[in-house]
Amino acid sequence: MSWEVQTMRSKISSYKPSLPVMWKNFTRYWPIWGSYLAIWLLLLPLTLLRENDEWIVNMGESGIILPFGQQIGVVFSVIYGFLSAAAVWSYLYNHRSASLYHALPVSREGMFLSHTLSGLGLTVLPNVVVFLLSWLICMGRGLIGATPCLLGWLGAVCLQNLFFFCFATLLAMLTGNLPTHAVLYAVLNLAVFVCESLIRIFAAMLTRGLTEGEPLLVFLSPPVRMFREYNYNYNEERIVDLLGYPMLLAYAAAGVILLVLALLLYRRRDTERAGDVIAVPFLRPVAKYCFTFGCALVLGWILHQVIFQGRESLICVLCSLLLGGLIGYLAAAMLLKKSFRVFDKKTVAGFCVFALVVTAGLVGMKTDVFGAGRWVPRADQLSRAEVYCQNGYYAWLADDDPAKLDTILALHQASAAQRPGEEDATVTCTIEYSLTDGRMLRRAFEVSCEPQELADPSRPAGLLNRLLNDPDHLMDRILPPADARLASIAVYAHEEDLNPKADPYQYEYANTKDFQPLLDAIREDVLAGDYGRWDPYTDYREPAYTIEIEYALPTSGSAAYYARTRSYSLDFSRDEAPRTFALLQELGYLRGSKR
Amino acid sequence: MIEVRDLTKRFDRTPALQELSLHVPRGSVYGLVGPNGAGKSTLLRCLAGVYRPDSGQILIEEQPVWENPAVKSRMAYIPDDLYYFVSASLKDLKRFYQGFYPTFDPQLFDKLASVFPIDPRQPIRHLSKGMQKQAFFWLALSLRPEILLLDEPVDGLDPVMRRQLWSLIMSDVEKSGVTVVVSSHNLRELEDVCDHVGIIDHGRLLLERTLSQLQDNFVKLQVVFRTEDASLPGDLPVLHHSVTGKVNTYILRAGEARAAQVVQELDPIFYDILPLTLEEIFIYELGGADYAVKDIIL
Numbered sequence: 001m002s003w004e005v006q007t008m009r010s011k012i013s014s015y016k017p018s019l020p021v022m023w024k025n026f027t028r029y030w031p032i033w034g035s036y037l038a039i040w041l042l043l044l045p046l047t048l049l050r051e052n053d054e055w056i057v058n059m060g061e062s063g064i065i066l067p068f069g070q071q072i073g074v075v076f077s078v079i080y081g082f083l084s085a086a087a088v089w090s091y092l093y094n095h096r097s098a099s100l101y102h103a104l105p106v107s108r109e110g111m112f113l114s115h116t117l118s119g120l121g122l123t124v125l126p127n128v129v130v131f132l133l134s135w136l137i138c139m140g141r142g143l144i145g146a147t148p149c150l151l152g153w154l155g156a157v158c159l160q161n162l163f164f165f166c167f168a169t170l171l172a173m174l175t176g177n178l179p180t181h182a183v184l185y186a187v188l189n190l191a192v193f194v195c196e197s198l199i200r201i202f203a204a205m206l207t208r209g210l211t212e213g214e215p216l217l218v219f220l221s222p223p224v225r226m227f228r229e230y231n232y233n234y235n236e237e238r239i240v241d242l243l244g245y246p247m248l249l250a251y252a253a254a255g256v257i258l259l260v261l262a263l264l265l266y267r268r269r270d271t272e273r274a275g276d277v278i279a280v281p282f283l284r285p286v287a288k289y290c291f292t293f294g295c296a297l298v299l300g301w302i303l304h305q306v307i308f309q310g311r312e313s314l315i316c317v318l319c320s321l322l323l324g325g326l327i328g329y330l331a332a333a334m335l336l337k338k339s340f341r342v343f344d345k346k347t348v349a350g351f352c353v354f355a356l357v358v359t360a361g362l363v364g365m366k367t368d369v370f371g372a373g374r375w376v377p378r379a380d381q382l383s384r385a386e387v388y389c390q391n392g393y394y395a396w397l398a399d400d401d402p403a404k405l406d407t408i409l410a411l412h413q414a415s416a417a418q419r420p421g422e423e424d425a426t427v428t429c430t431i432e433y434s435l436t437d438g439r440m441l442r443r444a445f446e447v448s449c450e451p452q453e454l455a456d457p458s459r460p461a462g463l464l465n466r467l468l469n470d471p472d473h474l475m476d477r478i479l480p481p482a483d484a485r486l487a488s489i490a491v492y493a494h495e496e497d498l499n500p501k502a503d504p505y506q507y508e509y510a511n512t513k514d515f516q517p518l519l520d521a522i523r524e525d526v527l528a529g530d531y532g533r534w535d536p537y538t539d540y541r542e543p544a545y546t547i548e549i550e551y552a553l554p555t556s557g558s559a560a561y562y563a564r565t566r567s568y569s570l571d572f573s574r575d576e577a578p579r580t581f582a583l584l585q586e587l588g589y590l591r592g593s594k595r
Numbered sequence: 596m597i598e599v600r601d602l603t604k605r606f607d608r609t610p611a612l613q614e615l616s617l618h619v620p621r622g623s624v625y626g627l628v629g630p631n632g633a634g635k636s637t638l639l640r641c642l643a644g645v646y647r648p649d650s651g652q653i654l655i656e657e658q659p660v661w662e663n664p665a666v667k668s669r670m671a672y673i674p675d676d677l678y679y680f681v682s683a684s685l686k687d688l689k690r691f692y693q694g695f696y697p698t699f700d701p702q703l704f705d706k707l708a709s710v711f712p713i714d715p716r717q718p719i720r721h722l723s724k725g726m727q728k729q730a731f732f733w734l735a736l737s738l739r740p741e742i743l744l745l746d747e748p749v750d751g752l753d754p755v756m757r758r759q760l761w762s763l764i765m766s767d768v769e770k771s772g773v774t775v776v777v778s779s780h781n782l783r784e785l786e787d788v789c790d791h792v793g794i795i796d797h798g799r800l801l802l803e804r805t806l807s808q809l810q811d812n813f814v815k816l817q818v819v820f821r822t823e824d825a826s827l828p829g830d831l832p833v834l835h836h837s838v839t840g841k842v843n844t845y846i847l848r849a850g851e852a853r854a855a856q857v858v859q860e861l862d863p864i865f866y867d868i869l870p871l872t873l874e875e876i877f878i879y880e881l882g883g884a885d886y887a888v889k890d891i892i893l
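Those protein sequence lines, which keep their order, are chains V and L. Last residue of the first sequence: 595 in the numbering used here, with the numbers rising by one and none dropped. Last residue of the second sequence: 893 in the numbering used here, with the numbers rising by one and none dropped.
Here you go:
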């Protein structure tokens, strides 16, 4: 074969993996696959081998096998995904080893494929071994139904392995040393969740109406999302429904995309980048400002708590964020420059730009420049709304009660428009909407509750008064539904002198014949305004006794009966609900009279 | 065989190679000489396909080296700073390299065991620096490469082993037509083995000649003039001039015949024309590039 023919390069042949590279990785990094295999052997096949038949029958195969694919699977995938990637790409972090590999007659594509396949193999092959062993044990014990469960576990852990390995691989291409790779992996797995949560905290402090709420971008923090959402359930036919599998498939697909990005970076990667903090030159400023932003949020939040005790003022938040950002900015500049000498005009100018952006952002939050805090949904956008105040009284409304929805919207509008003074008596009023598009919206306001405000139905306090003290609403909230079948009523005395028994601190279960008189007494107290009314001037009082009511809604079938049983507690202080108190004494459930 | 055209390589803003061009004929032993930081190791890494050039071309028989496994499988590269897997023995490395190089010759590997006093089963990390270098020579020669790229190859080796290694390399050059590109600071040694020399400084090739062309083009002239104010004509390229007593010593970039002709016209009391060693050429040539040996008195 001539020299020219031999040196003609084919795009497909360049993707041929190199077996010596793969073999070297397997033999060199045996502690990784060895420990991973050992852990799973102890967790799964050994459990299946060890447990007695009765336990297995009680739990069911799915109850034993599938939980291993959940949180524990995510934890090991996060850890071993990184270890595998860090091991196989570790040669990139050392100039000498990078030179050795890149001098070999293997194309970059072939090298990438070899390391990727062997890195994935470090966890996927042990998974297959664990699956086969577990399957043999199950078959040996006659657990025929175990096969789909084991396949479910294998699929889940392999998909998790794939995503975390691919993610760690992309980060390996972005960095040039192991500590940075490890830190970046740990941080970026949680960064979006943490940053969004902190932004929400600061926004809730500065923008009137906004609340912290649940982060929306949890999907960008994969371990959090997998931890929360990868689960299994039994449907009505008692068949296992692997919830979250589509999510795992989506993450695996995202992992493949990250892997393609990693390949593109690897093809262009310069060998001499070994040792650099960020190995892709054009990403260095991006990394610097991202790091600064992250530090501004995290360190800023810590500093805000430590120095300003969490005071909700623009200046306090701004100072905290700028100080946190400054620390982060200098640290990033030093890391990237590999020198402590970073104090020059360029650094000062860079930080000034960052400080301006942060200041603009915080001022924007304070003035609600985008109107997020002022925005009030339209009635036709709502499916449900709830209002509650800080002292625990609450009202809820169904979507078929447009009159109350309108009142809540009026309350929202009035609260958003009101600016209570510092001298005002205020309560925190929270409104939570379920929108028709499935989203949740929560807003919270400090509402002025001066006596004249409470009496004015156009003011927020007046609207709250109208909503929370509506007699129908109070009846709905305090008494069980009209069609409910009472299961039990129990009384618990918090104060010793009310306890009718020598042995205190036990629930006193009421006789069935006493159920209706008790409910009637409570109803009378509510109607007379002696129990359940919302009063912003009444301080919290320790309950003297509690009544716990358990009821069932009329349904058919035993499973459904239990599924729909409800219970709730009502707390009473000694100076409220006199009719109920007197009746409980009379009936002997509280001390004061004979039973 | 090896053609480098306008090669430029930068490390961030620091230029390591600047529009460097050189030509290495097949079967030659090409010595790369230059001061520290001149770019020799960078050039060798570019030749080995380790570094991606920023611009310019590196061609081996008209084929680019970068990302060309077929070309890279025909060359062996021994870097100055060796790398081996932590627990690997020479035997492990032999197995590793055998998988990449179809030309690997196990018989030759076994035969070379008589030359190198190394136990192939011993972990390489347990070997001394010199023995590690020997181990990599053992592997590199067993690959039967067409091109051998050597960065400070005999650094750390004892004189006997140096001589032995050079004789092995020279016999490969003679028998198989291996092309060798070697960088070294040991110019006396290079003088014995190289037939071509390239001098690099600040990432640029200052000159590239065969060794004989180089030596024919530089002479050392020692002369005693009749009068104290006599001197050589201004058109003669003088690289260095020193006076010891009445003896004037000149380093000239000129052939022996021209130097003799000029000096005879001046009718000196005495003169002598001597050839320069490679080391002297290196020193005086780089003196023109602001790298002169300074007479330092502390």
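Yeah, the Cβ is synthetic: ideal placement off N, Cα and C, and Gly gets one too.
| query | result |
| --- | --- |
| Buried or exposed by the 16-neighbour rule on C-beta atoms within 10 Å, applied to V/Tyr562 | Low confidence applies to V/Tyr562: its pLDDT is 49, below 50, so where it sits in the model is not reliable enough to give any reading. |
| Given V/Gly73 as reference, the closest of V/Leu184, V/Thr565, V/Leu248, V/Leu136 once Cα atoms are compared | V/Leu248 |
| Neighbourhood of V/Pro402 by C-beta, 7 Å cutoff - its chain only, sequence neighbours within 5 removed | Ala379 |
| Beta-carbon proximity check, V/Arg176 vs V/Ala274, cutoff 7 Å | This sequence places Gly at residue 176 of chain V; Arg is not what is there. Yes, the pair counts as a contact, with Cβ atoms nearer than the cut-off. |
| Per DSSP, the bridge partner or partners of L/His791 | L/Tyr625, L/Thr805 |
| Whole-angstrom distance between V/Leu263 and L/Ala671, CA atom to CA atom | 26 Å |
| Limits of the alpha helix (DSSP H) - the one that L/Met670 falls within | It is not in any alpha helix (DSSP H) - L/Met670 instead sits in the beta strand (DSSP E) that spans 670-673. |
| Residues near V/Glu495 by beta carbon distance below 6 Å, same chain, minus five either side | Ala544 |
| Beta-carbon separation (whole angstroms), L/Val788 vs V/Ala103, contact threshold 8 Å | Rounded, the Cβ-Cβ distance is 23 Å, inconsistent with contact. |
| Chain V contacts made by the region 640-651 of chain L, where a contact means CB separation under 7 Å | Arg640, Ala643, Gly644, Val645, Tyr646, Arg647 |
| Element boundaries [alpha helix (DSSP H), containing V/Glu586] | 578-587 |
| Contact list for V/Ser97 against chain L, beta-carbon separation under 7 Å | Tyr678 |
| Proximal chain V residues relative to L/Pro664, where beta-carbon distance stays under 7 Å | Pro105, Val106, Ser107 |
| Pick from L/Leu763, L/Glu657, L/Thr603 that is closest to L/Ala634, judged by C-alpha positions | The sequence shown places Gly at residue 634 of chain L, not Ala. The candidate whose alpha carbon is nearest that of L/Gly634 is L/Thr603. |
| Whole-angstrom C-beta distance between L/Gly632 and L/Phe785, which should lie under 8 Å | For clarity, residue 785 of chain L is Leu in the given sequence; the question names Phe instead. No, L/Leu785 and L/Gly632 are not in contact; Cβ-Cβ is about 19 Å, not under 8 Å. |
| Reduced DSSP secondary structure (H/G/I, E/B, other) of V/Val491 | strand |
| Amino acids of chain V, ordered along the chain, whose beta-carbon sits closer than 7 Å to that of L/Ser668 | Pro105 |
| Beta-carbon spacing of V/Ile144, V/Leu48 below 7 Å | no |
| CB contact below 7 Å: V/Leu100 versus chain L | yes |
| Within chain L, partners of V/Thr271 - CB distance below 9 Å | Arg640, Val645, Tyr646, Arg647 |
| Short CB-CB distance (under 7 Å) between V/Pro285 and chain L | no |
| For V/Tyr545, the residue or residues it bridges with in DSSP | V/Ala493, V/Phe572 |
| For V/Thr407, the nearest candidate out of V/Asp437, V/Val363, V/Gly373, V/Asp470 (CA to CA) | V/Asp470 |
| Start-end ranges of the alpha helix (DSSP H) lying completely within the region 722-767 of chain L, minimum 4 residues | 724-737 |
| CA nearest to the CA of V/Lys404, picked from V/Tyr433, V/Arg419, V/Ile65, V/Ala577 | V/Tyr433 |
| Neighbouring residues, chain V, relative to L/Gly694 (Cβ below 7 Å) | Leu19, Pro20 |
| Beta-bridge partners of L/Ser636, as assigned by DSSP | Looking at the DSSP assignment, L/Ser636 forms no beta bridge with any residue, so it has no partner. |
| Contacting residues, own chain, Cβ-Cβ under 7 Å from V/Gly310 (five flanking each side not counted) | His304 |
| Proximity of V/Leu210 and V/Gly373 at Cβ, strictly below 7 Å | yes |
| Cβ neighbour criterion (16 or more within 10 Å) applied to L/Asn843 | buried |
| Chain V within 7 Å of L/Phe820, Cβ atoms only | no |
| Chain V within 7 Å of L/Phe704, Cβ atoms only | no |
| Segments of 4+ residues assigned as alpha helix (DSSP H) that fall wholly inside the region 47-135 of chain V | 53-65, 71-88, 95-103 |
| Helix, strand or coil at V/Leu216 according to DSSP, with G and I counted as helix | coil |
| Nearest-angstrom Cα separation, counted from L/Asp700 out to L/Leu707 | 11 Å |
| L/Phe606 at chain B interface by Cβ criterion, 7 Å | Among the protein chains of the structure shown, namely V and L, there is no chain B. |
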